[in-house]
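First up is the structure itself, then whatever we jot down about it.
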Amino acid sequence: MAHSTFKGGTHPHDMKHYSEGRPIERARLPRKVIIPLSQHIGAPAAACVSIGDEVLTGQVIGTAGGFVSAPVHSSVSGKVVGLAKYPGSGGRDVLSVFIEADGDDRWIKDPVADPGYASLDSAAIRNRITEAGIVGLGGATFPTHVKLSPPPTKKIEWLVINAAECEPYLTADHALMLEKAQETVIGISLLMKALGVEKAVVGIESNKMDAVAAMRTACQSDSRIKVEVCQVKYPQGAEKNLIRALLDREVPSGGLPMDVGVVVQNSGTAFAVYEAVVLGKPLLERVVTVTGPGIQQPRNLIVRVGTLFSDVISQCGGFRQGIQVTKVISGGPMMGIAQYSLDVPVTKGTSGILALNDDESPLRESGPCIKCGKCVEGCPMFLLPNTLSLIGEMGKVDMAMEYRVMDCVECGTCAYVCPAGRSIVHYVRHLKAELADRKRKEAEKNSKKANQ
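FYI, in the numbering used here the residues of the sequence shown are 34 to 485.
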């Protein structure tokens, strides 16, 4: 049977055997947490607590900084002992709240099922999602309520649920679908109601047929939701690729899924929506895959936001003896970020913590482009990665726009297949950062003119 897929991409070894099939376990409560106030795309949350304040689990400690933002909640009960900038797993210093936990885990409101959740209208559902600080858990961390509020001119027909989990090593979404399929489907139905759509499709790769079966069983009571099997290929989970594979719709260059009548949400996000709307529980913990050859006991753990990577790794037996860990990555190996310290906090977007050795993450010398065309063949966005990397080396930002640099999803396929070991994604990110800086300066200039 042919499975849904897209053109381009690559087939890295999935390496999921370390944690695949392992049940979800709850990590110990941390003794201290460092909670960044910017864990999402958009404006950072604004601190609403002070040093010395006593806080409860689930209490708001940061209010949303605008519409494209999200509130942040305390993941433990205890005392606020610091409010300062601190390095996050994304590499930036972020204003963060430091909390010493009291060990009692006293909640501001215990998560209890609301028997009347099914009667909520779309506005009420969006409001609960907003208040709970739900963001995309597939990695992008875009505030969920924003995606659920498309402009009136955009008619949404389909909700696509991204359950591909195409990054090697990661098994958090897989485990969640196996253990919480019914709750995930309820979350999907709530997202549909919030959007006002009657059609949803869940895309799962063919290496997770047990999850396909679990989700299809859970969907039997709702014929509006179908589950489709996708080919195992990276990056199947990139939203434009998934839309192309499942619906045969092409998001235009520079466009968004809503331009073709689609909204995409991650399966883990759907579960978080269930917890927010039905249980009244804010997003203060998530399933994290702790894995790799360097981890003594790979596991899928429910981890409180703000827990340090070092604490999480220690709960998995620490680093494996006899293995020289050369790289620790937040997220997956293709799009994740290598860490220079283990004292960085888990955030809403932390899908995995990977401990790799030289065999699985070799350091390569970056050489000149040999014009083999492998990166062009593999690019799922039909770009010219080789040319973009050369443009990046030369620093020609304007030329990068001519070659659609902003359409790059930074999946890393080009760098993975490059025999010259070129850091293509690095160059693309640098070009995008330069363009963003230019745009910011232009906006500031226009703002000053308007105020004169």
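Idealized CB from N, CA, C, for every residue including glycine.
Confirm, please, whether the CB-CB distance from residue j to residue i is below 8 angstroms.
i: Gly428; j: Leu389; result: no
i: Val168; j: His73; result: yes
i: Thr324; j: Pro331; result: yes
i: His488; j: Gly166; result: This structure cannot settle anything about residue 488, because the visible part of the chain is limited to 34 through 485.
i: Val338; j: Val321; result: no
i: Leu279; j: Ser37; result: yes
i: Val9; j: Glu477; result: Because the chain is modelled from 34 through 485, residue 9 falls outside the range shown and cannot be assessed.
i: Ser108; j: Ile57; result: no
i: Val442; j: Met414; result: yes
i: Leu181; j: Leu228; result: yes
i: Pro183; j: Met291; result: yes
i: Thr464; j: Val438; result: The question names Thr, but residue 464 is Leu in the sequence shown. Taking 8 angstroms as the Cβ cut-off, Leu464 and Val438 qualify as a contacting pair.
i: Ala134; j: Pro63; result: yes
i: Ile158; j: Gly115; result: no
i: Met44; j: Tyr267; result: It should be noted that the sequence gives His, not Met, for residue 44. Going by C-beta atoms, His44 is nearer than 8 angstroms to Tyr267.
i: Thr90; j: Asp147; result: no
According to DSSP, what are the bridge partners of residue i?
i: Phe352; result: Ile328
i: Phe131; result: Ile67, Gly115
i: Pro335; result: The sequence given here places Ile at residue 335; Pro does not occur at that position. Arg59, Val320, per the DSSP bridge assignment.
i: Val2; result: Because the chain here runs from 34 to 485, residue 2 falls outside it and cannot be looked at.
i: His106; result: Val93
i: Ala388; result: Val361
i: Ser182; result: Paired residue(s): none; Ser182 is not in a bridge.
i: Glu164; result: In the DSSP output, where bridge partners are listed per residue, Glu164 has none listed.
i: Val489; result: Residue 489 lies beyond the stretch modelled for the chain, which goes from 34 to 485, so this question has no answer here.
i: Ala227; result: Ala227 pairs with nothing; no bridge assigned.
i: Cys267; result: Before going on, a small fix: residue 267 reads as Tyr here, not Cys. Answer by DSSP bridge pairing, in chain order: Thr43.
i: Ile370; result: Ser363
Rounded to the nearest angstrom, how far is the Cβ of residue i from that of residue j, given a contact under 8 angstroms?
i: Ser239; j: Val218; result: Not confirmed; about 20 angstroms, so no contact.
i: Cys408; j: Cys447; result: 4 angstroms
i: Val88; j: Gly111; result: 7 angstroms
i: Asn299; j: Asn195; result: 5 angstroms
i: Glu200; j: Gly365; result: 3 angstroms
i: Asp243; j: Leu209; result: Rounded, the Cβ-Cβ distance is 13 angstroms, inconsistent with contact.
i: Leu192; j: Val230; result: 5 angstroms
i: Ala172; j: Met368; result: Correcting the residue identity first, residue 172 is Gly in this sequence and not Ala. About 7 angstroms; that satisfies the 8 angstroms criterion.
Within a Cβ cutoff of 8 angstroms, which residues of the same chain sit near residue i, ignoring the five residues on either side of it in sequence?
i: Val179; result: Gly75, Phe100, Val101
i: Cys252; result: Val218, Val235, Ile258, Lys259, Val260
i: Arg161; result: Leu153, Ala309, Val310, Gly313
i: Phe352; result: Gly327, Ile328, Gln329, Ile346, Val358, Ala388
i: Arg282; result: Ile276, Val293, Gly294, Val295
i: Pro452; result: Ile403, Cys405, Lys407
i: Cys349; result: Val323, Ile328, Gln329, Gln330, Pro331, Arg332, Leu334
Using C-beta distances below 7 angstroms, list every residue in its chain close to residue i, excluding the 5 sequence neighbours before and after it, in chain order.
i: Ala197; result: Gly236, Ile237, Glu238, Cys263, Gln269, Gly270, Leu275
i: Ile356; result: Pro326, Gly327, Asn390
i: Met34; result: With a pLDDT of only 45 at Met34, under 50, the local geometry of the prediction cannot be trusted, and no value is derived from it.
i: Cys81; result: Val93, Ile94, Gly95, Thr96
i: Cys303; result: As written in the sequence, residue 303 is Ala, which differs from the Cys given in the question. Taken in chain order, the residues that qualify are Ile194, Thr217, Gly220, Ile221, Leu224.
i: Val370; result: According to the sequence as given, residue 370 is Ile; it is not Val. Excluding positions up to five away in sequence, the list reads Ser122, Gly123, Gly124, Ile362, Ser363, Gly364.
i: Leu423; result: Cys402
i: Thr174; result: Gln72, His73, Ile74, Val168, Lys381, Gly382
For residue i, which residues of its own chain have a beta-carbon under 6 angstroms away from its beta-carbon, when the five flanking residues on both sides are left out?
i: Lys241; result: His207
i: Asn419; result: Cys402, Cys408
i: Tyr489; result: Here the chain has residues from 34 to 485 only, and residue 489 is not among them.
i: Ala103; result: His73, Ala97, Gly166, Val168, Pro176
i: Lys49; result: Thr204
For a cutoff of 8 angstroms on Cβ pairs, would you count residue i as touching chain B?
i: Ser110; result: The question asks about chain B, but that chain is absent: this structure has only one protein chain.
| task | Could you tell me whether the region 187-196 touches the region 113-127, using the rule of 3 or more Cβ pairs below 8 angstroms? | result | no
| task | Please determine if the region 380-389 and the region 426-446 are in contact, where contact requires at least 3 C-beta pairs separated by less than 8 angstroms. | result | no
| said: I want to know whether the region 394-402 touches the region 453-466 - three or more CB-CB distances under 8 angstroms. | reply: yes
| said: Three Cβ pairs or more, each shorter than 8 angstroms: is that satisfied between the region 135-150 and the region 302-320? | reply: yes
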